[in-house]
Amino acid sequence: MKAAAIRILFASSFVSLTACGAPTAPSIDDAVLRAFNAAPAPTGVDAAAIINADATPGEWLTHGRTYDEQRYSPLGAINTDNVKDLGLAWSFDLGVSRGIETTPIVHDGVMYVTGSWNIVHALDARTGAEIWSFDPQVDRSRASVMCCDIVNRGVAIWDGKIFTGTIDGRLIALDAKSGAKLWDVLTVDLTKPYSITGAPRIVKGKVLIGNGGAEFGVRGYLSAYDADSGDMLWRFHTVPGNPADGFENAAMEMAAKTWNGEWWKLGGGGTVWDSMAYDPALDLLYIGVGNGSPWNQRLRSPGGGDNLFLSSIVALKPDTGAYVWHYQTTPGETWDYTATQHIILADIEIDGAPRKVLMQAPKNGFFYVLDRATGELLSAKNFAPVTWATGVDMKTGRPIENPAARWPGSAPSFQLPGPLGAHNWHPMSFSPRTGLVYIPASEIPFAFADQPDFKVKKSGWNTGAEFLAGSLPTDEATHKALRAMMKGRLLAWDPAKQEARWSVEHFGPWNGGVLSTAGDVVFQGTSDAHFAAYDAASGGKLWDYFTQTGVVAAPIAYELDGEEYVTVASGWGGAYALIAGGIIPTGSEAKVGRVLTFRLGSSGELPQIAPPAQAKAAPPPSTASAETIAAGALAYAANCTVCHGEHAMSSGLTPNLRYSPLLADAALWKSVVLDGARKELGMMSFNGILDEAGAEAIRAYVINEANSNRDAAYYEAIAGTEKKP
Ligand code: CA
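Next up, the structure:
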């Protein structure tokens, strides 16, 4: 179409030149004419554009910039010498104060980002001015079947369309120019607790999308949809269904031999909620597969078994979804050790030989290097403290487990990493210049214990783990000791030697994703509201910016008019923030999420925004019996902790129940907890999960907590003293 237009232009200029009485007829060089006529039509973003992303280093066309997801920018105008002059060029207010995990896409001067509740924004990448926004009007009550905040990790772009997944399980295509909806398909069974938080990837015109829900009880899968029509092309399940129903393919038949019992009744888990990568030369798509559902393997698959493909990296053919190979990081996983963490493909030298590798640092604390053609394990080494295994047996490729780590009973089994992982979804980065992988690593321990009398809830968490056992202690000495154990760092890891090169200790765990650049700068945001630049070779801090709220998202770099920009989205949130953010100081507050863009020589300033205030209602006196309060503590841990925080102390992302006016009014409390009065705000009805006595016991427990000596004053005091300016 465009090539034809060029031909017409050429013809008309020929005519006009002739008409204007040019002294001689213009002679068009045949070679030039051929080149123009053969020039490919500008197709926007397609397979060739993404495969050749290094030819347009100023753009950021897919989630990890390239199909190998290295999150390395070839731009080097901002370098170790001048990064100190970086300043705020513009900021865009996303208007929400929940976790922001988006990686922006930048194409043709436009930036596409997502905020909470799946609202998509198209921004002028030069100024941050909004071009359009799209609100998919998600069912906000789905927030209650999301483990880890109402987050989204970004959109995909392809052939003039923007694609986004929603927390209510839809995949939506938008017109990139106008934001108009082109199609909208449901990718999940909404009677089950599925949700989508991940960014779609697009390979060969197929939009690839997974889902989450393995904390609640689902069967994981990845689906491929036609980018033009929205028609589903294939679906790959990651765990087998009920054998009585027959198997979808030979891979499922093979996987079923590694399961016992009636795992399908709770789905089995294995959700594909985040990572993918693609090798166009091998034509292999790689996906990271999540944890078991329920976590507790004795409930999920009595008698054990590897439970394929939980906690695995699986290679598929993108045309058909056919299984090619897998590597399982944690056979028979029982700790929520997902292998959904960021997958990076690279060509590196190992023992003097070039190898085409796949690298992952999943939750379980080991850094894996695989041959990406075959899935052969090349090396594995722990990059963080690990108690559940002593290493990986290179003969079998299996972890050498610590037998006591399988929490066999109700006595708490204290393990590192915990379910939040030594590395969670926060993207890492590989710099081909330094040969290092930069990992946002954490140390967050957890005490695993059997949930007594486990019963499947029709909604709500179904892990088979007693969360009260894993609850943080509240006496001051233990609390301080545990606080000291909670760590977070930026770790520069040499994947060829499997050793740390340098690390930077942060204020606490749960820090942002990482970007490395050809300027030999590594960028990362932190839980304590800073965005900083480090020397890629040494880890020396080169620049620092106060972002007002914690950063968990990953930065990107792009170029316009010859100028390099660095963007990161700010907005504290996610699982750690929700669960522990009220009781362990995080150095961060829930403030408005923003898109922040920096450039050399700029000096813009952020408007000050007060954290969302919650009126502090004085709690009524605690008059319930010890038995009722104890029952309430158990029910709170099972149903409420994951959103409202340990000991009813929220980080501010959700209402702090200790201050809730509902505490003083049993009828109001019931209207919210059982009747769904705040469904539209994301608080679903627990009717059918809790009875009236259960809801009332939780109220008694929260009242008791609000009156107890482990009250807000102590935690607010330490949060205040430990917070960095
Ligand atoms: Ca999980």
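Under the working numbering, think of the first position of the sequence shown as 507, with each following residue one higher. Here a beta-carbon is modelled for each residue, glycine too, at the ideal position from N, C-alpha and C.
How many Å lie between residue i and residue j at the Cα?
| i | j | result |
| --- | --- | --- |
| Arg646 | Tyr843 | 28 Å |
| Ile819 | Leu876 | 10 Å |
| Glu1211 | Leu1169 | 11 Å |
| Ala1042 | Pro1061 | 15 Å |
| Pro532 | Leu594 | Confidence in Pro532 is poor, its pLDDT being 40 and thus under 50, which makes the residue's placement too unreliable to answer from. |
| Glu1186 | Val1179 | 13 Å |
| Met617 | Ala628 | 6 Å |
| Glu759 | Arg806 | 18 Å |
| Ala525 | Gly1110 | Because Ala525 carries a pLDDT of 32, less than 50, the predicted location of this residue cannot be relied on, and the following value inherits that uncertainty. Rounded to whole angstroms, Ala525 to Gly1110 spans 53 Å at the Cα level. |
| Asp751 | Pro580 | 50 Å |
| Leu1163 | Met1155 | 7 Å |
| Pro938 | Ile1209 | 55 Å |
| Asn1213 | Ile1135 | 12 Å |
| Ile606 | Val551 | 25 Å |
| Ala1059 | Ala1132 | 43 Å |
| Pro699 | Gly1188 | 14 Å |
| Thr940 | Ala1002 | 12 Å |
| Thr969 | Trp801 | 5 Å |
| Pro1113 | Thr586 | 28 Å |
| Phe598 | Glu882 | 45 Å |
| His929 | Ile678 | 30 Å |
| Val1010 | Glu575 | 23 Å |
| Ala1119 | Ser1157 | 12 Å |
| Gly1182 | Leu696 | 18 Å |
Could you tell me if the beta carbon of residue i falls within a distance shorter than 8 Å of some heavy atom in ligand 1?
| i | result |
| --- | --- |
| Pro925 | yes |
| Glu972 | no |
| Asn797 | yes |
| Glu607 | no |
| Asp842 | yes |
| Ala845 | no |
| Glu1202 | no |
| Ala595 | no |
| Cys1146 | no |
| Ala720 | yes |
Beta-carbon within less than 8 Å of residue i's beta-carbon, same chain only, minus the 5 sequence neighbours each way: which residues are those?
| i | result |
| --- | --- |
| Ala1006 | Phe889, Leu997, Ala998, Trp999 and Asp1000 |
| Arg1184 | Val1178 |
| Thr1032 | Gly994, His1012, Phe1013, Asn1017, Gly1018, Ala1038, Gly1056, Val1057 and Gly1093 |
| Asp899 | Pro905 and Ile906 |
Any heavy atom of ligand 3 closer than 8 Å to the beta-carbon of residue i?
| i | result |
| --- | --- |
| Cys1149 | Ligands present in the displayed structure are limited to ligand 1, and ligand 3 is not among them. |
Short of 6 Å in beta carbon distance, which residues of its chain neighbour residue i, apart from the five on each side in sequence? Order them along the chain.
| i | result |
| --- | --- |
| Trp765 | Ser807, Gly811 and Asn813 |
| Ala1039 | Val589, Val1027, Phe1029, Leu1048 and Trp1049 |
| Glu565 | Val612 and His613 |
| Pro746 | Met758, Ala761 and Ala762 |
| Tyr1142 | Ile1204 and Tyr1207 |
Say whether chain D places a C-beta atom closer than 9 Å to the C-beta of residue i.
| i | result |
| --- | --- |
| Ile637 | No chain D appears in the structure shown, which is made up of a single protein chain. |
Grab me the residues of residue i's own chain with a C-beta within less than 7 Å of its C-beta, minus the 5 sequence neighbours each way, in chain order.
| i | result |
| --- | --- |
| Trp1008 | Ala998, Ser1044 and Gly1045 |
| Ala528 | Legend: pLDDT at Ala528 = 35, less than 50; position of this residue unreliable, value from coordinates given subsequently. The answer is none, since no qualifying residue turns up. |
| Val830 | Leu790, Ala821, Leu822 and Lys823 |
May I ask you to verify whether the region 902-911 touches the region 955-971, counting CB pairs closer than 8 Å and requiring at least 3? no
At what residue ranges does the region 778-832 contain a whole run of the beta strand (DSSP E), taking only runs of 3 or more? 782-785, 790-794 and 818-822
Is the region 725-743 touching the region 767-784 in the sense that three or more CB pairs, one from each, lie closer than 8 Å? yes
3-residue-minimum beta strand (DSSP E) runs that sit fully inside the region 684-757, ordered along the chain: 687-692, 707-709, 712-715, 727-732 and 738-743
When the Cβ atoms of the region 1081-1096 are set against those of the region 630-642, are three or more pairs found closer than 8 Å? no
The region 1091-1098 touching the region 666-674, judged by at least three CB pairs closer than 8 Å: no
Give a yes or no on contact between the region 1123-1130 and the region 648-662, applying the rule of three or more CB pairs nearer than 8 Å. no
Using 8 Å as the cut-off, can you tell me whether the region 1188-1206 makes contact with the region 1130-1149, which would need three or more C-beta pairs spanning the two stretches below that distance? yes
Residue ranges of each alpha helix (DSSP H) within the region 1103-1161, 4 or longer: 1132-1145 and 1147-1150
My parser needs the alpha helix (DSSP H) runs of 4 or more residues fully inside the region 934-992; what are they? 982-991
Examine the Cβ distances between the region 923-943 and the region 853-872 and report whether three or more of them are shorter than 8 Å. yes
Run through the region 597-661 for me and flag every whole beta strand (DSSP E) of 3 or more residues, listed as ranges in chain order. 611-613, 616-620, 626-630 and 636-640
How about the region 552-562 and the region 1067-1075: do they share at least three Cβ pairs that are nearer than 8 Å? no
Report the start-end ranges of each alpha helix (DSSP H) in the region 1164-1224 that is 4 residues or longer and not cut off at the edges. 1172-1179 and 1198-1213
List in chain order: all unbroken alpha helix (DSSP H) runs of 4+ residues lying wholly within the region 846-927. none
With three or more C-beta pairs closer than 8 Å as the rule, is the region 979-990 touching the region 735-746? no
Curious, which full-length beta strand (DSSP E) runs of at least 3 residues does the region 1011-1085 contain? 1020-1023, 1027-1031, 1036-1041, 1047-1052, 1062-1066 and 1069-1076
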